[in-house]
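Before any comments, here is the structure.
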Amino acid sequence: MMCLLSSCFDKQEKIIENAADISVGSYEMMAELTSPPNVPTPVGKRRAKKLIVKMEILEKESEMTDGVTYVYWTFGGTVPGSFIRTRVGDEVEFHLQNHPDNKLPHNIDLHAVTGPGGGAESSFVVPGHEKVFSFKTLNPGLYVYHCATAPVGMHIANGMYGLILVEPEGGLPIVDKEYYIMQGDFYTKGANGERGLQPFDMQKAVDEKADYVVFNGKVGALTGDNAITANVGETVRLFVGNGGPGLVSSFHVIGEIFDKVNIEGGDLINENVQTTLIPAGGAAIIEFRVDVPGSYILVDHSIFRAFNKGALGVLNVVGEEDKKIYSGEIRDDIYLPEGPGIQSMPTTNEIAASEIPAKSFEEQMEFGKQTYMQTCFACHQADGQGVPNAFPPLAKSDYLNADVDRAISAVVNGLTGEITVNGKKYNSVMTRQMLSSDEVANVMTYVYNSWGNSKKVVTKAMVDKVKSKK
Amino acid sequence: MINNIMKSIFLKSVFLIFIIQSIGFGQTKNMVYIEGNRYLPLYGRDSTVVEVRDFEMDIFPVTNAEYVDFVKKYPKWQKSKSIKLFVDNSYLTNWKNDLELKDSEQPNSPVTYVSWFAAKDYCECQGKRLPTVDEWEYVAMADEITKDARVKPSYNQQILTWYETPRSNKNAIGMNSKNAWGVYDLHGLVWEWTLDFNSVLITGESRKDGDKDANLFCGSASINATDLMNYAAFMRYAIRGGLKAKYSMKNLGFRCVKDIKN
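The listed protein sequences derive, respectively, from chains H and A.
Counting from 0, one number per residue, gives the positions in the first sequence under the numbering used here.
Counting from 9, one number per residue, gives the positions in the second sequence under the numbering used here.
Structural data, given as structure tokens:
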């Protein structure tokens, strides 16, 4: 009986064709806002309501990557801003609050709004004030919101963007895991990795030469302890946006095929997608079932952005292996192509210019860790554990601890061919690294004094000695 | 201790400036003579050339201590007695009571949390007035050595950096270097009220404003404006456009100017 009633009710609601005619009656609720990578509870079967959103703007200094900070302008204290989840027909009463400590006026343009400026004109608010405006969600989809105060590009470049989801009536199909990811490009006065508080660089932004391209506002927001997770057999839904301001994202998950993509966040669904394009100021809803345990790397497949500018995240999947779907390595045969095997990175003389040498062991460890996270981490991983069958471990590594000159040489000259580390064979290529002697000394000292290694201290002189042997 | 020494050095040097300048030009105490001219403002007033007549400008923004004296003399501007038409709820919100600052506040920090009405009356009670946008912008386009430094990347970068730094209003006046006119703190401390702050209509929808005032951009292009230059000025016009006369803000203070009587 109960069931019958509710299905009748559902049918009745579906007759309404124009979303503008959906009544919210006197129903009212506070919107649940979440910071990335989390998303609020699905709307499910709830009716359209008056939804009150209170969004606070905060200008604050925060970490871009190890040793580098930046003054972010944020919606809700995070980059991207808080996730807003609504359904078609909701009447959103939007409170935009500009914190008194802020220096600048701001506003918000929500792409989910039908009306001039997307709310920007009605929400222009100076520090210490709050503006209220309201809109009705007419079209389902995943939409970007951002600040549109002059200079618009600068407000977006400093992190003022986020996503608002408008679910269709009855909600999106329920899945096991949902995450919120947003790409953005950042333009800093110093080059990528240059330490200290880095101011925004307008000229680089105009030229669209980004120093950092990252997911969720900083390097490492989705790696290590911050990685997102799922279990084998679960369906994962990613709400992925691109704040820009300058770059378009070629969003890809290494080792996964997207079962379903709502292209550009709209109704059109494409299936079996390898890489989906997410325009600046656009979004996509991505769904896939995870079948094989392991680490899946999220990247912008404009690939230097991933490995050199930070656009890299990790999805860790745990559960039973299925050898039918993925075998792992079966055999290791010899293949000898013509030509030299060593690749080298381009070298420049600018490397050492901005470096301040470490003054103590503690500084060597600190600077070394920064270099490690920027240069070595992608292959050798956060705790030096490496990646089985691909990249040898640095933690408790017999190969590393046996010969310090050989280890220095691997960093400054590169290393190729078969080696045995802790009883396992690796046959891979490590390119020579574009680091100054000081940086090599610091990073190697960090590695030797971490994860159960031999606690050697490597000096600049030792590095220079190995370099001069060449 | 160091703070005290700094303060005394600072006060002495300020004192010297006053003496030298009062002797040099015979002008009002704590004010500096600004020689008027015609110039092309960055944005606003149809971007035609505007004329600024000679005037005098306060060397420093009005301080908390000076404002305390003011409300003692003119009780109608005390926090509890002020008329709600002329101030909003945050008026002097950093004060303990009608006559005292909160302990966290410095007497020589610029006074903030004041409305346009209050600022205007303050200046008039001193026989002065608020500067116009044109006057303020005219003096503010100087850096330490040049009276129009707007095309210098260093000038613009410095201003933009300040716009990006939160909470600079806790600083005392006079900590930044003075500009070529001998005026301190136009940039780098607090926003400042101007007499006609709302004369440039910014709708809050900046992109539309750009469209509407397309000729403004052509105007700036003709003086070889860089993007940086536009951006810094844009931000000032944006904040002015967001204000109403009864608003008060943590980062908003003021200074006065005076006409020269011939």
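Backbone N, C-alpha and C define an ideal beta-carbon position, used for all residues, glycine too.
Between residue i and residue j, what straight-line distance do the alpha-carbon atoms span, to the nearest angstrom?
| i | j | result |
| --- | --- | --- |
| E438/H | D382/H | 19 Å |
| D108/H | A30/H | 18 Å |
| S34/H | N106/H | 19 Å |
| N261/H | A18/H | 21 Å |
| L260/A | R61/A | 26 Å |
| V212/H | Q373/H | 13 Å |
| G340/H | Y334/H | At G340/H the pLDDT is 47, less than 50, meaning the model places this residue with poor confidence and gives no usable figure here. |
| G88/H | E166/H | 10 Å |
| V272/H | E90/H | 35 Å |
| S88/A | I181/A | 27 Å |
| V448/H | F185/H | The question names Val, but residue 448/H in the sequence shown is Asn. In a straight line, the C-alpha of N448/H is about 33 Å away from that of F185/H. |
| T458/H | K468/H | 16 Å |
| G470/H | F214/H | The structure shown does not extend to residue 470/H, since chain H spans only 0 to 469, so no value can be given for it. |
| M461/H | D331/H | 36 Å |
| S256/A | L100/A | 8 Å |
| T68/H | E168/H | 43 Å |
| A117/H | F132/H | Looking at the sequence shown, residue 117/H is not Ala but Gly. The straight-line gap from Cα to Cα measures roughly 11 Å. |
| I91/A | S98/A | 13 Å |
| I163/H | E143/A | 44 Å |
| Y71/H | A409/H | 38 Å |
| P126/H | N97/H | 5 Å |
Contact check, residue i vs residue j under 8 Å by CB: the rounded distance?
| i | j | result |
| --- | --- | --- |
| M429/H | G413/H | 6 Å |
| E3/A | A188/A | As shown, chain A starts at 9 and ends at 270. That puts residue 3/A outside it, with no answer to give. |
| G281/H | V143/H | 6 Å |
| R263/A | P83/A | Wrong, their Cβ atoms sit about 23 Å apart, outside the cutoff. |
| G80/H | Y179/H | Contact doesn't hold; Cβ gap of about 10 Å is too wide. |
| P118/A | V198/A | 5 Å |
| A253/A | I167/A | Between I167/A and A253/A the Cβ distance is about 25 Å, and since that is not below 8 Å, they are no contact. |
| E328/H | N388/H | 5 Å |
| F366/H | A377/H | About 19 Å separates the two Cβ atoms, so there is no contact after all. |
| T187/H | Q202/H | Going by Cβ atoms, the distance from T187/H to Q202/H rounds to 12 Å, so no, they are not a contact pair. |
Closest Cβ-Cβ distance between residue i and chain A: below 9 Å?
| i | result |
| --- | --- |
| L162/H | no |
| P278/H | no |
| M159/H | no |
| M201/H | yes |
| L109/H | no |
| A149/H | yes |
| L95/H | no |
| G293/H | no |
| P104/H | yes |
| E193/H | no |
| G127/H | yes |
| V124/H | yes |
| I341/H | Confidence at I341/H is low in this model, with a pLDDT of 48, below 50, so the placement of that residue should be treated as unreliable; the coordinate-derived value is given next. By this cut-off, I341/H is not an interface position. |
| E417/H | no |
Per the DSSP calculation, residue i is bridged to which residue(s)?
| i | result |
| --- | --- |
| W72/H | E58/H |
| N157/H | None; N157/H has no bridge partner. |
| A552/H | For chain H, the structure presents residues 0 to 469; residue 552/H sits outside this window and is missing. |
| M28/H | L50/H |
| N179/A | Answer by DSSP bridge pairing: none, since N179/A is not bridged. |
| E286/H | R236/H and K259/H |
| V199/A | The question names Val, yet the displayed sequence has Trp at residue 199/A. Paired residue(s): L260/A. |
| S294/H | N315/H |
| V91/H | L50/H and F134/H |
| V143/H | L162/H |
| W103/A | L109/A |
| P118/A | T71/A |
Is any beta-carbon of chain C found at less than 9 Å from that of residue i?
| i | result |
| --- | --- |
| S112/A | Given the protein chain composition of this structure (H and A), no chain C is represented. |
Using a Cβ cut-off of 9 Å (strictly closer), state whether residue i contacts chain H.
| i | result |
| --- | --- |
| W189/A | no |
| S117/A | no |
| T173/A | yes |
| S259/A | The sequence as given places Asn at residue 259/A; Ser does not occur at that position. Yes - at least one Cβ of chain H is within 9 Å of the one on N259/A. |
| Q134/A | no |
| S256/A | yes |
| G196/A | no |
| G249/A | yes |
| S98/A | yes |
Under the criterion of a Cβ to heavy atom distance below 8 Å, does residue i qualify as lining the ligand COA?
| i | result |
| --- | --- |
| G312/H | You won't find the ligand COA in this model; it holds no ligand whatsoever. |
Identify every run of the alpha helix (DSSP H) within the region 411 to 465 of chain H, keeping only runs that are complete inside it and at least 4 residues long; order them along the chain. 436 to 447
What runs of the beta strand (DSSP E), each 3 residues or longer, lie entirely inside the region 237 to 283 of chain H? 248 to 253, 257 to 261, 268 to 272 and 274 to 277
To test your reading of the DSSP string, which unbroken beta strand (DSSP E) runs of 3 or more residues are found completely within the region 32 to 87 of chain A? 39 to 42, 45 to 47, 58 to 60 and 63 to 66
Where are the beta strand (DSSP E) runs, 3 residues long or more, that stay fully inside the region 151 to 231 of chain H, in chain order? 160 to 166, 176 to 185, 211 to 214 and 227 to 230
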